[in-house]
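Colleague: Below is a structure I'd like to ask you about.
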Amino acid sequence: TCAFAGQKKVLAAYEEAVKCGYSGARAGRLHTPHGVFDTPMFMPVGTQATVKAVSPRELKEMGAQIILSNTYHLYLRPGTELVAEAGGLHRFMDWDGGILTDSGGFQVFSLGPLRKITEEGAAFRSHIDGSTQFLSPEIAIKAQMNLGADIIMAFDECIPYPAEYQYAKLSTERTTRWAERSQKAHTRSGQALFAIVQGGMYQDLRRVSANDLVSLDFPGYGIGGLSVGEPKPVMYEMLEQTVPLLPENKPRYLMGVGTPDCLVEAVRYGIDMFDCVFPTRVARNGTAMTKSGRLVVKNAAYAKDFLPIDENCGCYACQNFSRAYIRHLLKADEIFGLRLTTIHNLYFLLDFTKKMRQAILEDRFLSFREEFLAQYCK
Ligand SMILES: CNc1nc2c(CCNCC3CCCC3)c3nc(N)[nH]c(=O)c3cc2[nH]1
Ligand SMILES: [Zn+2]
Numbered sequence: 078t079c080a081f082a083g084q085k086k087v088l089a090a091y092e093e094a095v096k097c098g099y100s101g102a103r104a105g106r107l108h109t110p111h112g113v114f115d116t117p118m119f120m121p122v123g124t125q126a127t128v129k130a131v132s133p134r135e136l137k138e139m140g141a142q143i144i145l146s147n148t149y150h151l152y153l154r155p156g157t158e159l160v161a162e163a164g165g166l167h168r169f170m171d172w173d174g175g176i177l178t179d180s181g182g183f184q185v186f187s188l189g190p191l192r193k194i195t196e197e198g199a200a201f202r203s204h205i206d207g208s209t210q211f212l213s214p215e216i217a218i219k220a221q222m223n224l225g226a227d228i229i230m231a232f233d234e235c236i237p238y239p240a241e242y243q244y245a246k247l248s249t250e251r252t253t254r255w256a257e258r259s260q261k262a263h264t265r266s267g268q269a270l271f272a273i274v275q276g277g278m279y280q281d282l283r284r285v286s287a288n289d290l291v292s293l294d295f296p297g298y299g300i301g302g303l304s305v306g307e308p309k310p311v312m313y314e315m316l317e318q319t320v321p322l323l324p325e326n327k328p329r330y331l332m333g334v335g336t337p338d339c340l341v342e343a344v345r346y347g348i349d350m351f352d353c354v355f356p357t358r359v360a361r362n363g364t365a366m367t368k369s370g371r372l373v374v375k376n377a378a379y380a381k382d383f384l385p386i387d388e389n390c391g392c393y394a395c396q397n398f399s400r401a402y403i404r405h406l407l408k409a410d411e412i413f414g415l416r417l418t419t420i421h422n423l424y425f426l427l428d429f430t431k432k433m434r435q436a437i438l439e440d441r442f443l444s445f446r447e448e449f450l451a452q453y454c455k
């Protein structure tokens, strides 16, 4: 095992990373002010301080450990000072588990019509009221200190795909300078600041980004700039180049990933933490995730199917309701229908990462991966 080396200001401590015999797959324990959590882990996304359609009690019941929220959205509405006055994000949304906030870097570049990026930061138009806004490392870190998450992310630029080598190089070097500025602006003890590795789809830039950020010594590392439309083999190649350069005794968080096939490959390379809007988003248009692929429960084929979505699933939806009932609710635009598909999809991914952890601890991760990929159609 990798003994935990004492690190200053580290509360997202990493210990007990148990390496299984093959490559970098490992099972670990992540220490935060709101508890100690098992990895590999999937983190449900709650963009606007709620995981859409489910309650904190239901999240706890299905085994969620850390959930995500978003600085960009909360900064625009209701404002991060207001959340601070309410006692912080945990109090505001009544969640006593772990919270991780993304710095807003990705959203600025993917949501608001981008105005311009300078060394100072990013100016953009709010997607809510079109007003001109500005985010910089200092503003993003102050906002995240106000929200009070257990883990916060450095302000970065997620390089679009595809991108010219020269642009990727300059942007990655700026993201490293922004990471240093994020570190200097981060003055809240009891909160872990993770840096974010960039480098586009260029192996050499990925290695430079990882090495530069590791020498700045962060308690954990996000891997950004992936799952932005690149082919999966390219994403895996970037992981192969990047993950081995990150300290073994620190958490690695692959941002915005993803589907079960991507999760099992990323765990193989040594990723510990994942987030993705996919399970909650597709649930809202009536698609359920299963170990053999997606099941569009809204389809007419299920009108008289009185079996649950997945007979082996332990979630509230599968334990109590049939495909026919859920299809009926979705067709009737009943809110409870969205709640049931969301509960199932979140449970599916949370349970999937739990199964991967168990396989690693029992040193059978490779066969688990083979069996899963054989059954799962992308
Ligand atoms: C979907 N693919 C993807 N997502 C990325 C994300 C967002 C991760 N998810 C955040 C939650 C979603 C809403 C609330 C918080 C990325 N974020 C940052 N900061 N940098 C990336 O390179 C970055 C890269 C990403 N790629
Ligand atoms: Zn289920």
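Each residue of the sequence shown is one higher than the last, beginning at 78 in the working numbering.
Don't be surprised by glycine CBs; every beta carbon is placed ideally from N, CA and C.
(1) Please confirm if the region 124-140 is in contact with the region 194-214, defined as three or more CB-CB distances below 8 Å between the two stretches.
(2) Quick check on this structure: which residue in P110, S444, P337, R154 has the alpha carbon closest to the alpha carbon of S208?
(3) Expressed to the nearest angstrom, what Euclidean distance is found between the alpha-carbon atoms of C390 and P308?
(4) Return the chain-ordered ranges of every beta strand (DSSP E) run that is complete within the region 160-225 and spans a minimum of 3 residues.
(5) Which residue spans inside the region 267-328 form an unbroken alpha helix (DSSP H) run of at least 4?
(6) Would you tell me roughly how many angstroms separate the C-alpha atoms of N397 and P385, rounded to the nearest one?
(7) Taking just the CA atoms, how far does D171 sit from Q318?
(8) Pull up the distance between the alpha-carbon of Y379 and that of L427, whole angstroms please.
(9) Please indicate yes or no: does the CB of F201 lie closer than 7 Å to some heavy atom of ligand 1?
(10) Spatial neighbours of G140 within its chain, please: CB distance less than 8 Å, with the 5 preceding and 5 following residues excluded, ordered by chain position.
(11) Using the rule of at least 16 other Cβ atoms within 10 Å of the residue's Cβ for burial, across every protein chain shown, is C454 buried or exposed?
(12) Whose C-beta lies closer than 6 Å to the C-beta of T252 among residues of the same chain, with five residues either side of it excluded?
(13) Could you spell out where the alpha helix (DSSP H) holding M433 opens and where it closes?
(14) Would you grab the beta carbon distance between I218 and L177 for me? Rounded to a whole angstrom, and I think it's under 8 Å.
(15) Does the distance between the C-beta of L303 and the nearest non-hydrogen atom of ligand 1 fall short of 7 Å?
(16) Output yes or no for whether 8 Å exceeds the beta carbon distance between S180 and Q221.
(17) Quick one: measure Cβ to Cβ for A401 and F383, integer angstroms, because I've assumed they're closer than 8 Å.
(18) Name the one or two DSSP bridge partners that N147 has.
(19) How far does the beta strand (DSSP E) with R106 in it reach, from first residue to last?
Modeller: Judging by the given coordinates:
(1) no
(2) R154
(3) Between C390 and P308, the C-alpha separation is close to 31 Å.
(4) 175-179, 191-194, 199-202, 209-212
(5) For the region 267-328, whole alpha helix (DSSP H) runs of length 4 or above, ordered along the chain, are 280-292, 309-319.
(6) The straight-line gap from Cα to Cα measures roughly 8 Å.
(7) 40 Å
(8) 25 Å
(9) no
(10) Y424, L427, D428, K431
(11) exposed
(12) D233, E234, Q275
(13) Start and end: 412-438.
(14) So it is not a contact: roughly 14 Å between Cβ atoms.
(15) yes
(16) Cβ atoms of S180 and Q221: closer than 8 Å.
(17) 6 Å
(18) Beta-bridge pairing links N147 to D179.
(19) It spans 103-109 - the beta strand (DSSP E) in which R106 sits, taken as one unbroken run.
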